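Note sheet for the following structure.
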Amino acid sequence: MNQPLISIVLPTLRRAHCLGRAIESVLNQTYATWELVIVDGESNDGTRELVAGFNGRADGRLQFIEQANGGVGPARNIGINAARGHYIAFLDSDDEFLPTKLERQLALIRLRPELGLIYGDYSFVDLNGRFHRSTFDELAPLARLVPSVAVGPGLRFCGGELFEYLIRQYFIATIVGLVRRDVLSDEIRFWEQDMYGGEWLFYLDVCRRCPAGYVDEPLCLHHFTAGSLSRTSRYRNSVYLRRLLRIMRGRFSDASPASRGHIRRQLSDVCRQLGYDSYRCREFGSATRYFAEAVTGQCDWRTLTAVAASAGRVLTTMGRPGDEPLLRPGCDPLPS
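Going by this note's numbering, the first residue of the sequence shown is number 121, and it counts up by one from there.
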């Protein structure tokens, strides 16, 4: 298979102001055997007309699917199900592929055709408009510590080692992944709840099934935006992360003792942080529950001290009129 078809899945919702840039980055790929599957959540900002304007240049390689907005996870899954390619890539409407993204990943596949997942580094523009060339250097240095073997200039083979490292830290951005379609079968899909970190779960599922490799150079350009889910409050992200880690604890119960230990420690850490944040917001009951969950996962002096302080505050305020827990500015607790 010299020129395998690559399906690029792009979910969007009212992003006409930047979607054209993302589509242009696909049209500018040096590897031309691709199809672009755009899944739109019934936007009312001219998205349909914008996409139609690219049909001529796309030469029949563009699918446009409209669906009721159900979130990014369901949209990606609709795109996967509609994809016809032997490989599937992902792009977000406010990001870009660099011109050789697909070509470089296919170069690694030709050297190691057994690979089912190929990822890579990416550049990003921060909220202040500053350009950063390498995420692996600045945000996710663990990615460079994954055991790998060079199989070509900038091309690395990881084998089956990736899962044990990815369980410690999520460092595969959705937009850099290229997945062989048969690895997904009908089972592996994105988490459909609106949950921070669902992409982490997706790539963990993938790399448990197949050997992986990576291209040690930027393949994409990510634009951080103030409204993205990953930029919301720390408390909210911690709540999402707790949910995700609890799912991982159940799903990967047959993983190695080291991997299960990493999940347990991360869950304990995030519960302890949620306990601190709830305590500062005077949500003493929630704080005690979070601290208790942290102790269950990892019993150390920091957690025990926090539990004792929070429980003591709850006991001293019980039944005292006018001392109900209040939300201070900046506190936004969610149901646990």
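Every residue, glycine too, gets a C-beta built ideally from N, C-alpha and C.
Just so it is clear, the structure is predicted and the values come from calculations on it, not from any experiment.
Query	Result
Pull the bridge partners of GLN183 from the DSSP assignment, please.	VAL157
Please report how far the alpha carbon of PHE310 lies from the alpha carbon of THR425, in whole angstroms.	38 Å
Please report the straight-line C-alpha distance between LEU262 and VAL335, rounded to a whole angstrom.	15 Å
Does the segment 200 to 216 come close enough to the segment 136 to 149 that 3 or more CB-CB pairs lie under 8 Å?	yes
Please report the Cβ distance between LEU235 and VAL296, rounded to the nearest whole angstrom; I am assuming they are in contact, meaning their Cβ atoms lie under 8 Å.	Going by Cβ atoms, the distance from LEU235 to VAL296 rounds to 14 Å, so no, they are not a contact pair.
Could you check whether LEU182 and LEU156 sit closer than 9 Å to each other, using their CB atoms as the reference points?	yes
When the distance is taken between beta carbons, is GLN187 closer than 9 Å to THR153?	no
Measure how close the beta-carbons of VAL129 and ILE200 come, nearest whole angstrom, since I'm counting them as under 8 Å.	6 Å
Report buried or exposed for ASP374, applying the criterion of at least 16 other Cβ atoms within 10 angstroms of its Cβ.	exposed
Using 8 Å as the cut-off, classify the Cβ of ALA178 as near or not near the heavy atoms of the ligand GDP, replying yes or no.	Annotation note on the ligand GDP: not contained in the displayed structure, which lists no ligands.
On the criterion of 16 or more Cβ atoms from any shown chain inside 10 Å, does GLN386 qualify as buried, or is it exposed?	buried
Helix, strand or coil for TYR323? Go by DSSP, reduced to three states.	helix
Whole angstroms are fine: how far does the CA of SER376 sit from the CA of VAL415?	22 Å
Check the C-beta distance from GLN160 over to THR167 and give it rounded, since I have them as a contact under 8 Å.	For clarity, residue 160 is Asp in the given sequence; the question names Gln instead. About 5 Å; that satisfies the 8 Å criterion.
Can you list, in chain order, the residues of its chain whose CB lies under 7 Å from that of PHE291, leaving out five sequence neighbours each side?	ALA260, LEU262 and ALA263
Just how far apart, CA to CA, sit LEU282 and LEU218?	24 Å
Going straight from the alpha carbon of HIS342 to that of ASP257, what length do you get?	15 Å
Measuring alpha carbon to alpha carbon, tell me which of SER163, VAL171, ASP165 and ARG301 ends up nearest LEU125.	ARG301
For a minimum of 4 consecutive residues, which ranges assigned as the alpha helix (DSSP H) are wholly contained in the segment 171 to 236?	175 to 178, 192 to 202 and 221 to 231
Looking only at DSSP bridge pairs, what is LEU133 linked to?	LEU133 is not bridged to any residue.
Out of PHE184, GLY176 and ALA172, which one is the CA nearest neighbour of ILE158?	PHE184
Return the first residue and the last residue of the alpha helix (DSSP H) that GLU337 is part of.	Not the alpha helix (DSSP H): GLU337 falls in the beta strand (DSSP E), residues 332 to 343.
Going by beta carbon distance, what residues of the same chain come within less than 8 Å of TYR410, once the five residues before and after it are set aside?	CYS391, ARG392, LEU394, GLY395, SER398 and SER456
HIS382 to ILE287, Cα distance in whole Å?	7 Å
Which residue comes first and which comes last in the alpha helix (DSSP H) that contains ARG362?	354 to 371
Which of the three DSSP states, helix, strand or coil, is assigned to PHE251?	strand
Whole angstroms are fine: how far does the CA of THR345 sit from the CA of LEU247?	6 Å
Hey, would you say ARG380 sits closer than 9 Å to PHE372, going by beta carbons?	yes
Got a sec, what are the start and stop residues for the alpha helix (DSSP H) VAL269 sits in?	No alpha helix (DSSP H) holds VAL269; the beta strand (DSSP E) holding it covers 269 to 272.
Along the beta strand (DSSP E) that carries PHE277, what are the first and last residues, could you check?	275 to 279
Using 10 angstroms around the beta-carbon of GLY240, count the other beta-carbons present and answer buried if the total reaches 16, otherwise exposed.	buried
Reducing DSSP to helix, strand and coil, say where ILE292 ends up.	coil
Exposed or buried, what is GLU307 when buried is set at 16 or more other beta-carbons lying within 10 Å of its beta-carbon?	exposed
Determine the DSSP secondary structure at LEU349, reduced to helix, strand or coil.	Confidence is the limiting factor: at LEU349 the pLDDT is only 47, short of 50, which leaves the residue's position unreliable, though a coordinate-based value still follows. Here LEU349 sits in helix by DSSP.
Between the Cα of PRO331 and those of VAL266, ALA136 and ALA172, spot the shortest distance and give me the residue it belongs to.	VAL266
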